[in-house]
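Reviewing the structure listed below.
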Amino acid sequence: MRFIPTLPTAARASRRKFICWLASFSASILFTSSSFAAPATSEVNTTGLAVTDDTVTVGILHSVTGTMAISETGSVQAEKLAIKQINDMGGVLGRKIEYIQEDGASDWPTFAEKAKKLLVNDKVASVFGCWTSASRKAVLPVFEQYNGMLYYPTFYEGLEQSPNVIYTGQEATQQILAGIDWVVEEKGAKSFYLLGSDYIWPRTSNKIARKHIEKLGLKVVGEEYYPLGHTQFNSVINKIKLRKPDVIYAIVVGGSNVAFYKQLKAAGIDMTKEKPLLLTISVTEDEIRGIGGENIEGAYAAMKYFQSLDNENNKSFVKAFKEMWGEDIVVGDVTQAAYLGPWLWKAAVEKAGSFDIDKVRAASPGIELTTAPEGYVRIHENHHLWSKTRIGRAKTDGQYEVVYETEELMEPDPFPKGYQ
Amino acid sequence: MSTNDIRAYMPKGDLISLLILAVLILVVFPLSMDIFRLNLVGKYLTYAFVAIGLVLCWGYGGILSLGQGVFFGLGGYCMAMFLKLEASSPEATKIQSTPGIPDFMDWNQITELPWFWEPFYSFPFTILAVLIVPTIFAYIIGAAMFKRRVGGVYFAIITQAVASILTVLIIGQQGYTGGVNGITDLRTLLGWDIRTDSAKFILYFVNAGLLIGCLLIAQYIRKSKLGRLLVAMREREDRVRFSGYDVSDFKIFVFCIGAMFSAIGGAMFTLQVGFMSPSFVGIVPSIEMVIFCAVGGRLSIFGAVYGALLVNWSKTTFSESFPELWLFAMGALFIGVVMAFPSGLAGLYKQHIGPRIRNTLATIRRDYLASRANAKSQSFATD
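Protein sequences appear in the order of chains Z and Y.
Yeah, the first sequence ends on 603 if you go by the working numbering, and it's all consecutive.
Yeah, the second sequence ends on 388 if you go by the working numbering, and it's all consecutive.
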């Protein structure tokens, strides 16, 4: 059954036509074969969500225009792929997933406006979306007020645990602790230079990193922040050369990355020699496309997913992703986390036997996904995911080579004691 | 004030425009829209405050400010600080390491409320701050520029720089300001939950009432001697100066008025949308505000309101219908407006719609008179 709503953001009119067509088509299936036994809509939807006898509508809310579009496009693609695959398998509780896509336009108030539209006007059963912390903070009151469900894909700073959000990316401690432990144990690192873009995620992350480094009895020799979009890193590079840290711990975000890594290379810091070694938590394969593999070769990244992960789940995921969106596309950490969203929601809905938000929320903790490209994941009581952390080393072709993986799943801890 | 005075300040044409606008905002929108859309219109109307201020500064005074977002933001932040303090009661924030301070301060290891936040516990102070802080700031900028006879494009560039500086400051001092995220999760105003539908409905009307108030003030300024002086300054600053007027004082005054209007808009924005962030302060939003004014027609205070409504409404509609292409549609709209109607919606009205209405009215009147004359002559005939 391949009549899936993979609409390339068509105009309203054509979408409506499509829905009519879809409805009549599925109705004809219903009448001709009685093998289709979906539970009655009145049972699975008691709160007036957009659920019909054969469809359920969800929302996708990312920036497809503005400065964040380059980062968020991968998430949109991943969510659409997951929805398509779920529909191929028969949908959720016998209902095909329809989606309404809205553009947050890299603008936080727009995110809030669109979130409200999706929840109030469209009555969507779930929303997959947001990327930056600022956009999540802007929509959070809306989701809490209108009782919606948001699946949020980005690795972020933690310090939050909303009943209306499932965080499918890693929170800060998961990403940071394993990475620092690894450079200390494997590489014998003793001194660190912390550096980041100036907003809440890099600052909070560096705070956790600093506390952890100091707990280990090691030294932070510098900590600095630059505004988003900053492109002149020469002064900090000079300071790094002067203070000779073992590790540059970089949380530079977005377009600034391109300037930062090019200037590092131009200043003669060869990361393949690991003197100093560079460890980042903010550069995925997506960012490397902008930076250029030759400029970042040898850098290490600590996150939960790399496109090169060698397992069957991931191979088929990457293959399906490329089939749908083109051969030369890359898949980064957040894209994979976004892909988990619809699957985790499906699993929770099926466990709850209902689309009702409150029941889905109650069913969410403990939901496992064995088919995740990153491997096994499970939803913790605190709405974050148990997941492994990996260290990858950047290669010239823009891919990471996985050099380390934690043995155990790391427990998500959005309010880490002793790190605040 | 005698009727004649009122006439002088509110000619028939302007009165009709005002009435049409008032009916549209106070009757047509609330009746035809659900609360979600009405709240959106309320948000658009907060930008109209800025656009009206810009008509006075730019359209009349010839002072192009590309930094109105600064004042919109200051007004909005003052209101947001009050609301945030109310939302951060020790009970509501007991999971923090320091309960009773705003959540973002806690995330930034601040353990004590900064001194400049303290006064914002008081609502009267907040209202005063919304009006006064941006005005004083505008006075300082205005005095520094206009007293030194800095004007025109230099002034525009400097206001733009101020907008940029303030954004960097707010983002950089995130422990005190909430940084890029802004001040979010605002709940109640003096115990009244501003997130409910009924509150949104009431706030919409408060906003509309304030907007009409600002329109009346703007109209008064426009028609007063000050308004004529502003136009004279715009056209020939030297001559006004040679006539013995201190040009800079008038410029500072109108710039402060524009700032105060923007600040009221900002405060109402915070109340209706429920948060404030630096994305309303910077260069891009400030330029957008100039676009509202340009689309509306920079010489018409009523046009400015329509401009703000049209641009924002198209933004919402286009982006809902074509999430990936809507920016092109917006671009086309701006190009279209500038090419087809260089003086904006107001110009369109003045050149095409206005005369037509007048003609129709005149025809009706002529017909009526003619028919009456006919009837009279007939009645004579029958006599």
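No residue lacks a Cβ here, since even glycine has one placed at the ideal position from N, Cα and C.
Cα-Cα separation, residue i to residue j
{"i": "residue 37/Y", "j": "residue 473/Z", "result": "48 Å"}
{"i": "residue 90/Y", "j": "residue 334/Y", "result": "41 Å"}
{"i": "residue 552/Z", "j": "residue 120/Y", "result": "50 Å"}
{"i": "residue 350/Y", "j": "residue 537/Z", "result": "51 Å"}
{"i": "residue 396/Z", "j": "residue 108/Y", "result": "26 Å"}
{"i": "residue 428/Z", "j": "residue 522/Z", "result": "37 Å"}
{"i": "residue 330/Y", "j": "residue 13/Y", "result": "48 Å"}
{"i": "residue 490/Z", "j": "residue 514/Z", "result": "6 Å"}
{"i": "residue 387/Z", "j": "residue 316/Z", "result": "12 Å"}
{"i": "residue 353/Y", "j": "residue 362/Y", "result": "13 Å"}
{"i": "residue 335/Z", "j": "residue 319/Z", "result": "8 Å"}
{"i": "residue 595/Z", "j": "residue 242/Z", "result": "26 Å"}
{"i": "residue 601/Z", "j": "residue 353/Z", "result": "19 Å"}
{"i": "residue 323/Z", "j": "residue 18/Y", "result": "46 Å"}
{"i": "residue 217/Z", "j": "residue 266/Z", "result": "Any answer about residue 217/Z is weak, because its pLDDT of 38 lies below 50 and its placement is not dependable; what the coordinates show is given next. Roughly 25 Å separates the two Cα atoms."}
{"i": "residue 216/Y", "j": "residue 50/Y", "result": "8 Å"}
{"i": "residue 549/Z", "j": "residue 563/Z", "result": "6 Å"}
Range of the contiguous alpha helix (DSSP H) that encloses residue i
{"i": "residue 431/Z", "result": "That residue, residue 431/Z, is in no alpha helix (DSSP H); its beta strand (DSSP E) goes 430-434."}
{"i": "residue 341/Y", "result": "331-345"}
{"i": "residue 395/Z", "result": "383-398"}
{"i": "residue 142/Y", "result": "128-151"}
{"i": "residue 472/Z", "result": "468-474"}
{"i": "residue 456/Z", "result": "Looking at the DSSP string, residue 456/Z is not in any alpha helix (DSSP H), and its letter there is neither H nor E."}
{"i": "residue 155/Y", "result": "Looking at the DSSP string, residue 155/Y is not in any alpha helix (DSSP H), and its letter there is neither H nor E."}
{"i": "residue 315/Y", "result": "306-326"}
Chain Y contact residues for residue i, given Cβ-Cβ distances below 8 Å
{"i": "residue 290/Z", "result": "284"}
{"i": "residue 410/Z", "result": "173, 176, 177"}
{"i": "residue 446/Z", "result": "What residue 446/Z touches in chain Y: nothing, since even the nearest Cβ is about 21 Å away."}
Amino acids of chain Z, ordered along the chain, whose beta-carbon sits closer than 8 Å to that of residue i
{"i": "residue 247/Y", "result": "Neighbours of residue 247/Y on chain Z: none; closest Cβ ~46 Å, over 8 Å."}
{"i": "residue 329/Y", "result": "192, 247, 248, 286"}
{"i": "residue 45/Y", "result": "296"}
{"i": "residue 227/Y", "result": "Here the premise fails: no neighbours, minimum Cβ distance about 31 Å."}
Partners in chain Z for residue i, counting only beta-carbon separations shorter than 9 Å
{"i": "residue 280/Y", "result": "291, 292, 295, 320, 321, 324"}
{"i": "residue 71/Y", "result": "By Cβ distance, chain Z contributes nothing, its closest Cβ being about 19 Å from residue 71/Y, past 9 Å."}
{"i": "residue 179/Y", "result": "381, 382, 383, 386"}
{"i": "residue 50/Y", "result": "None at all; the shortest Cβ gap to chain Z is about 14 Å."}
Under 8 Å between C-beta atoms of residue i and residue j
{"i": "residue 341/Z", "j": "residue 302/Z", "result": "no"}
{"i": "residue 306/Y", "j": "residue 224/Y", "result": "yes"}
{"i": "residue 476/Z", "j": "residue 579/Z", "result": "yes"}
{"i": "residue 525/Z", "j": "residue 311/Z", "result": "yes"}
{"i": "residue 125/Y", "j": "residue 86/Y", "result": "yes"}
{"i": "residue 280/Y", "j": "residue 187/Y", "result": "yes"}
{"i": "residue 175/Z", "j": "residue 279/Z", "result": "The first residue shown for chain Z is 184 and the last is 603, placing residue 175/Z beyond what the model contains."}
{"i": "residue 135/Y", "j": "residue 272/Y", "result": "yes"}
{"i": "residue 265/Y", "j": "residue 56/Y", "result": "no"}
{"i": "residue 583/Z", "j": "residue 468/Z", "result": "yes"}
{"i": "residue 80/Y", "j": "residue 214/Y", "result": "no"}
{"i": "residue 483/Z", "j": "residue 574/Z", "result": "yes"}
{"i": "residue 221/Z", "j": "residue 276/Z", "result": "yes"}
{"i": "residue 179/Y", "j": "residue 253/Z", "result": "no"}
{"i": "residue 61/Y", "j": "residue 73/Y", "result": "no"}
{"i": "residue 172/Y", "j": "residue 263/Y", "result": "no"}
Neighbour list for residue i in chain Y, Cβ cutoff strictly below 7 Å
{"i": "residue 570/Z", "result": "In chain order: nothing, as chain Y lies at least about 23 Å away."}
{"i": "residue 316/Z", "result": "186"}
{"i": "residue 358/Z", "result": "Under the 7 Å cutoff, chain Y gives no residues; its nearest Cβ is about 17 Å from residue 358/Z."}
{"i": "residue 328/Z", "result": "200"}
8 Å CB neighbourhood of residue i in its chain, flanking five on each side removed
{"i": "residue 445/Z", "result": "474, 475, 478"}
{"i": "residue 154/Y", "result": "253"}
{"i": "residue 214/Z", "result": "The predicted model places residue 214/Z with a pLDDT of 42, which falls under 50 and marks its position as unreliable; any figure quoted below should be read in that light. So the list is empty, once near-sequence residues are dropped."}
{"i": "residue 315/Y", "result": "300, 301, 350"}
Same chain only: Cβ atoms within 6 Å of residue i, ignoring 5 sequence neighbours per side
{"i": "residue 408/Z", "result": "379, 381"}
{"i": "residue 415/Z", "result": "none"}
Segment limits, beta strand (DSSP E) that includes residue i
{"i": "residue 375/Z", "result": "374-380"}
{"i": "residue 167/Z", "result": "Lying outside 184 to 603, the shown extent of chain Z, residue 167/Z is not represented and no answer is given."}
Chain-ordered chain Y contacts of residue i [CB-CB under 9 Å]
{"i": "residue 304/Z", "result": "39, 41, 42"}
{"i": "residue 232/Z", "result": "Within 9 Å Cβ-Cβ: nothing; residue 232/Z doesn't reach chain Y, min ~16 Å."}
Beta-carbon contacts of residue i that lie in its chain and below 7 Å, excluding the five residues immediately before and after
{"i": "residue 283/Z", "result": "240, 242, 301, 305, 307"}
{"i": "residue 565/Z", "result": "344, 595, 597"}
{"i": "residue 591/Z", "result": "none"}
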